[in-house]
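Quick note on numbering: our numbering labels position 17 of the sequence shown as 19, and the sequence is numbered without any gaps. Cβ atoms here follow ideal geometry from the backbone N, Cα and C, with glycine treated the same way. Small disclaimer: the values here were computed from a predicted structure and weren't measured. Only one structure is covered here, and it is reproduced in the block below.
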Amino acid sequence: MPAKSQAQQKAAGAALAAKRGDIKKSALKGASKSMEKSMTEKELHDMAATKRKGKPGHVGASHH
(Lines of atoms letter the chains of each structure in order from A; the text may use other names.)
(Lines give C-alpha, C1' and ligand atoms only; values in the text may rest on other atoms or scores of the structure.)
Protein backbone atom coordinates (compact mmCIF):
# COMPACT_ATOMS: atom_id res chain seq x y z
CA MET A 3 0.00 0.00 0.00
CA PRO A 4 1.58 3.31 -1.02
CA ALA A 5 1.89 6.17 1.44
CA LYS A 6 -0.64 8.98 1.05
CA SER A 7 1.65 11.69 2.43
CA GLN A 8 5.28 12.38 3.25
CA ALA A 9 4.41 12.28 6.95
CA GLN A 10 2.91 8.80 6.57
CA GLN A 11 5.96 7.70 4.59
CA LYS A 12 8.35 8.94 7.29
CA ALA A 13 6.31 7.20 10.00
CA ALA A 14 6.46 3.94 8.04
CA GLY A 15 10.23 4.30 7.67
CA ALA A 16 10.67 4.82 11.41
CA ALA A 17 8.42 1.85 12.20
CA LEU A 18 10.36 -0.32 9.75
CA ALA A 19 13.68 0.67 11.35
CA ALA A 20 12.31 -0.30 14.78
CA LYS A 21 10.94 -3.60 13.50
CA ARG A 22 14.38 -4.43 12.06
CA GLY A 23 16.09 -3.43 15.32
CA ASP A 24 17.90 -0.41 13.84
CA ILE A 25 16.30 1.91 16.40
CA LYS A 26 14.65 1.25 19.76
CA LYS A 27 10.89 0.67 19.68
CA SER A 28 10.65 3.02 22.67
CA ALA A 29 11.79 5.86 20.37
CA LEU A 30 8.61 5.55 18.29
CA LYS A 31 5.70 7.94 18.82
CA GLY A 32 2.18 8.26 17.47
CA ALA A 33 1.57 6.82 14.01
CA SER A 34 4.94 5.10 13.71
CA LYS A 35 4.32 3.29 17.01
CA SER A 36 0.95 1.92 15.92
CA MET A 37 2.27 1.07 12.43
CA GLU A 38 5.12 -0.96 13.95
CA LYS A 39 2.61 -2.99 15.95
CA SER A 40 -0.03 -3.49 13.26
CA MET A 41 1.87 -3.85 9.97
CA THR A 42 4.27 -6.45 8.60
CA GLU A 43 7.83 -5.59 7.61
CA LYS A 44 6.86 -5.94 3.92
CA GLU A 45 3.88 -3.58 4.30
CA LEU A 46 6.06 -1.01 6.05
CA HIS A 47 8.76 -1.34 3.38
CA ASP A 48 6.22 -0.86 0.58
CA MET A 49 4.81 2.25 2.26
CA ALA A 50 8.22 3.72 3.07
CA ALA A 51 9.46 3.10 -0.48
CA THR A 52 6.67 5.12 -2.12
CA LYS A 53 7.96 7.88 -4.39
CA ARG A 54 7.73 11.26 -2.64
CA LYS A 55 7.24 13.42 -5.72
CA GLY A 56 3.79 14.98 -5.66
CA LYS A 57 2.98 13.83 -2.13
CA PRO A 58 1.57 16.44 0.24
CA GLY A 59 3.36 16.96 3.56
CA HIS A 60 0.19 15.84 5.34
CA VAL A 61 -3.08 14.52 3.94
CA GLY A 62 -5.85 17.04 4.38
CA ALA A 63 -3.50 19.97 4.82
CA SER A 64 -5.21 23.00 3.34
CA HIS A 65 -3.22 25.59 1.44
CA HIS A 66 -4.69 29.09 1.82
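In the displayed model, S7 falls within coil according to three-state DSSP, outside both helix and strand. Apart from sequence neighbours up to five positions away, the residues of its chain that approach M37 with a beta-carbon distance below 7 Å are A13, A14, A17 and L46, ordered along the chain. From the listed residues G56, S34, G59 and K55, the smallest Cα separation to K21 is found for S34. Counting only residues of its own chain and dropping the five nearest sequence neighbours on each side, K31 has no CB closer than 7 Å to any other CB. Rounded to the nearest angstrom, the gap between the Cα atoms of Q10 and K27 is 17 Å.
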